[in-house]
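Residue numbers (the numbering used here): 58 to 801.
Ideal Cβ placement from N, Cα and C applies to all residues, glycine included.
First up is the structure itself, then whatever we jot down about it.
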Ligand code: MOS
């Protein structure tokens with residue numbers, strides 16, 4: 058049951074918006090007369106009609122729901138139309154007449170930085186003494202690296218359906234990763250207490266971060282409609298509206314400087330990140346923070362200075378996207394290493410391998426690494442026979458002129474927890490019904506990542522109960538309150554642990570009751586496959602009987618548990634602490650083949666060793682790895698967002714924005730899970746798997762770059778992703794190609 062599958066109540070109305078046609082301007086006049094008289098229109102609503110606050114900014118209050126005096130990006134909603142049908146609503150929206158005086162448009166984060174247009178003051182992570190360290194370097198290189206944005210392209214577009222309920226409350230079905238965020242936002246806009254807004258989510262057709270914060274506006278618009286017309290209101294965006302009006306992954310432009318000693322140890326690294334935040338803060342400050350956390354990827358670098366600027370431009374506010382700023386930071390250090398390798402004349406993986414972080418080494422933010430990136434790397438070298446791959450690539454390249462292969466290693470390291478410590482909490486509500494069946498509600502949102510499977514596994518394992526006897530409830534703010542969004546790869550850990558705690562408490566009570574019944578002590582009682590065991594001997598008492606006995610004794614069969622990740626902390630004044638419950642590591646080897654006549658390419662293989670701890674759902678985890686890898690490759694290769702200088706999205710449909718399809722996925726994706734029994738804070742020690750695999754895709758850029766260099770050793774392709782076929786072609790045939798051809 059997705060949003061669009063929910064049967065509509067009689068009397069349901071539909072919303073559409075008139076959104077800004079220009080990226081920056083002052084609203085001189087707004088004429089809604091013609092729109093109001095358009096067929097089927099019930100109500101036209103502008104900023105002045107908002108009963109509460111015209112504000113949807115979560116971290117920084119800098120984003121209006123409906124533009125009041127100024128517009129800040131193309132696609133910014135200005136007027137809300139409520140009509141009898143979707144078509145009437147959209148038709149009427151087109152009849153809104155606005156005179157908007159254009160103002161200067163900034164699309165480049167560096168220009169924003171130069172004009173001091175910053176969302177928040179810059180942040181700097183430091184360790185060691187960089188100034189001193191440069192003097193000890195044998196090699197120092199500097200350069201620039203750019204990565205572009207990315208469309209979330211969830212198959213289900215953004216949307217919401219709001220229904221007026223008794224006592225002036227509103228029930229909202231929302232396609233959101235964060236039901237509480239939607240609830241809070243709607244309450245704020247309407248000026249209602251939060252208990253009058255109920256948000257329900259059954260599942261999403263994909264989120265990828267795009268619905269962590271940006272589902273709020275559509276729900277708030279529907280709620281605003283309900284407030285005014287007292288009838289149900291639905292708004293489900295068309296694909297082009299969604300692409301135009303919503304933010305994407307943040308593009309970054311960065312300057313780096315890297316220093317190595319004579320043994321190729323990286324001893325100093327400086328980097329300045331210019332994050333293109335778009336027109337409002339949205340989640341940008343948090344995304345920026347994660348860029349800093351991951352600026353050294355899986356490497357240990359003793360002297361680091363990393364500064365990040367969140368730059369305000371006139372693009373739609375950019376937002377969370379799988380990896381949350383981490384991939385952007387990692388792309389820069391990988392570019393710096395590739396550059397260093399190129400200049401020194403070694404394989405990049407020689408530098409990568411020498412600098413992998415080891416147990417006990419500290420990240421620049423002070424947390425120590427407890428597992429070992431080296432383990433994944435070595436395992437990958439061994440099981441995938443890297444020497445043989447290298448040889449095959451070299452042989453292929455020496456025998457072919459118009460096709461070249463390139464390979465690249467990419468180690469990853471990703472910290473698990475919300476970087477904002479307070480968000481690392483979750484609750485679960487577990488009921489056992491008198492027939493022995495179980496209901497579990499948590500704050501986790503199923504968006505295709507398999508969270509319901511994992512929560513189900515937790516409950517069925519603790520109770521030793523058939524999965525068929527457990528039901529995972531749709532997510533709802535009236536069952537579980539004050540939830541963190543399903544994000545930061547932490548959903549299974551947080552909600553799974555809360556579920557575990559609730560189930561364990563119930564189990565304790567059941568065992569107590571069983572002990573009374575069997576005239577023994579609770580420690581001697583266990584439950585296996587729906588039978589009670591006493592002293593490891595199977596008894597006649599079944600799970601179902603025990604549940605009934607417990608009920609009859611007037612003992613509660615319900616439990617609400619609260620979990621908060623222990624040990625984590627972060628001191629913002631020092632930029633030091635222990636922000637993550639643990640890290641996830643991995644190493645991938647990517648092999649690409651380019652067509653040197655056309656610039657097109659294919660990925661032969663992605664071979665991965667992925668740190669999973671003790672995996673609880675291998676198929677779910679494999680699905681996350683495969684999907685993440687393909688999505689990461691898409692970001693680095695073919696997905697090209699284009700805004701023109703006026704801030705208009707030119708890649709505004711699936712005809713102009715290409716995502717990986719079945720023909721462009723790698724011919725082989727091999728994932729070996731590196732299992733171990735080490736203690737960690739993951740649910741059943743099964744490490745988080747949502748975001749980390751995306752970062753293997755970064756290797757795609759470097760595999761292609763190496764293939765280009767196999768064709769033209771003098772080529773120096775710029776570190777600017779995505780590496781589209783056009784870019785490959787242009788890089789292949791820069792000046793020195795004549796010399797290359799002469800030698801053939
Ligand atoms: Mo995710 S990018 O933490 O919603």
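Under DSSP, the alpha helix (DSSP H) around residue i begins and ends at which residues?
i           : result
residue 342 : 341–350
residue 757 : 755–768
residue 443 : 443–456
residue 679 : 675–693
residue 394 : 383–401
residue 570 : 548–574
residue 324 : From DSSP, residue 324 is part of no alpha helix (DSSP H) but of the beta strand (DSSP E) over 323–335.
residue 513 : 508–520
residue 602 : 600–609
residue 788 : 782–789
Would residue i and residue j be called neighbours here (beta carbons separated by less than 9 Å)?
i           : j           : result
residue 588 : residue 599 : yes
residue 156 : residue 371 : no
residue 708 : residue 714 : yes
residue 748 : residue 383 : yes
residue 387 : residue 686 : no
residue 618 : residue 556 : yes
residue 483 : residue 500 : yes
residue 638 : residue 622 : yes
residue 662 : residue 724 : yes
residue 704 : residue 80  : yes
residue 364 : residue 201 : no
residue 99  : residue 218 : no
residue 502 : residue 527 : no
residue 757 : residue 690 : yes
residue 760 : residue 660 : yes
residue 91  : residue 172 : no
residue 262 : residue 422 : no
Leaving out five residues before and five after residue i in sequence, what residues of the same chain have Cβ atoms less than 7 Å from its Cβ?
i           : result
residue 137 : 72, 74, 102, 123, 278, 281, 282
residue 250 : 244
residue 797 : Confidence at residue 797 is low in this model, with a pLDDT of 49, below 50, so the placement of that residue should be treated as unreliable; the coordinate-derived value is given next. If we look at residue 797 and ignore the five residues flanking it on each side, its Cβ neighbours are 769.
residue 239 : 229, 231, 233, 256, 272, 273, 276
residue 561 : 519
residue 191 : 197, 316, 325
residue 506 : 681, 747
Using a Cβ-based criterion (distance less than 8 Å to any ligand heavy atom), does residue i qualify as near the ligand ADP?
i           : result
residue 381 : No copy of the ligand ADP occurs in the structure displayed; its ligands are the ligand MOS alone.
Out of the options, which one is the CA nearest neighbour of residue i?
i           : options            : result
residue 360 : 84, 182, 160       : 182
residue 544 : 674, 67, 343       : 343
residue 548 : 525, 421, 575, 511 : 511
residue 551 : 757, 537, 474      : 474
residue 480 : 625, 457, 173, 425 : 625
residue 313 : 614, 198, 695, 378 : 198
residue 711 : 83, 95, 295        : 295
residue 734 : 716, 668, 693, 779 : 668
residue 461 : 210, 763, 118      : 763
residue 224 : 167, 284, 664      : 284
residue 536 : 655, 594, 616, 611 : 616
residue 679 : 222, 133, 727      : 727
residue 107 : 127, 449, 135      : 135
In chain order, what residues of the same chain lie with their CB nearer than 6 Å to the CB of residue i, ignoring the 5 residues before and after it?
i           : result
residue 235 : 269, 542
residue 579 : 568, 569, 572
residue 226 : 253
residue 466 : 406, 409, 646
residue 341 : 176, 334, 367
residue 581 : 591, 592
In the DSSP assignment, find the beta strand (DSSP E) that holds residue i and state where it starts and stops.
i           : result
residue 135 : 134–140
residue 3   : Shown here, the chain extends from 58 to 801; a query on residue 3 therefore has no answer.
residue 633 : 633–635
residue 368 : 360–369
residue 70  : 70–76
residue 644 : 639–652
Between which residues of its own chain and residue i is the CB-CB distance below 8 Å, once the five residues before and five after are set aside?
i           : result
residue 698 : 205, 206, 207, 208, 305, 308, 706, 708, 714
residue 596 : 575, 588, 589, 590
residue 794 : With a pLDDT of only 48 at residue 794, under 50, the local geometry of the prediction cannot be trusted, and the value read off the model is given with reservation. Around residue 794: 769.
residue 114 : 120, 337, 338, 339
residue 718 : none
Measure from the C-beta of residue i to each C-beta in chain D and report whether the shortest distance is under 9 Å.
i           : result
residue 718 : The structure shown contains no chain D; it is built from a single protein chain.
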